[in-house]
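A quick write-up on the structure given underneath.
In the numbering used here, the protein residues as written are 139 to 275.
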């Protein structure tokens with residue numbers, strides 16, 4: 139029988155922090171991850187050569203670890219995160235995204251129910267910095 143709680147999910151977050159706002163957005167992202175109903179996860183934040191120090195934010199989130207690399211862009215940062223991951227499943231999240239509390243649980247459930255699938259994608263909503271839906275959504 140499939141037991142979703144048994145599966146470690148690796149959440150990879152590339153980050154290139156240039157401003158204090160970037161650092162606050164990263165903190166919000168990590169807070170949203172900490173509210174997951176599926177609690178068997180690790181967070182790998184890849185510092186892609188940020189001009190600002192992001193370690194103090196990472197240290198506030200016990201399940202997060204940091205991988206540092208020279209700036210090379212988000213694709214190379216994601217690859218570095220994959221290399222550092224230990225999970226059976228991967229979630230790629232940007233440093234300014236929020237993850238809904240049931241996202242990991244829902245994704246794992248759908249993969250278990252649809253064994254012919256290799257990945258899942260959930261709905262998304264684009265919002266402004268103020269939290270309002272963007273006009274083109």
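C-beta: ideal position from N, C-alpha, C; glycine also.
If you're wondering where the values come from, they're calculated on a predicted model, not measured in any experiment.
Tell me whether residue i sits in a helix, a strand or coil according to DSSP, three-state version.
i	result
residue 180	strand
residue 185	strand
residue 172	helix
residue 273	coil
residue 216	helix
residue 144	helix
Between residue i and residue j, which are expected to be in contact by the criterion C-beta below 8 Å, what is the C-beta distance as a whole number of angstroms?
i	j	result
residue 233	residue 160	7 Å
Could you pull the start and end residues of the beta strand (DSSP E) that residue i belongs to?
i	result
residue 265	Premise fails: residue 265 is in no beta strand (DSSP E) and is neither H nor E.
residue 207	202-207
residue 229	227-230
Counting along the chain, where does the alpha helix (DSSP H) carrying residue i start and finish?
i	result
residue 150	Per DSSP, residue 150 belongs to no alpha helix (DSSP H); it is in the beta strand (DSSP E), 147-153.
residue 245	241-251
residue 233	That residue, residue 233, is in no alpha helix (DSSP H); it is neither H nor E in DSSP.
residue 190	Note, residue 190: premise wrong, no alpha helix (DSSP H); not H, not E.
Sorted by chain position, which residues of the same chain lie with C-beta nearer than 7 Å to residue i's C-beta, five sequence neighbours on each side aside?
i	result
residue 272	264, 265 and 266
In chain order, what residues of the same chain have a beta carbon less than 8 Å from the beta carbon of residue i, not counting five sequence neighbours either side?
i	result
residue 260	238, 241, 244 and 245
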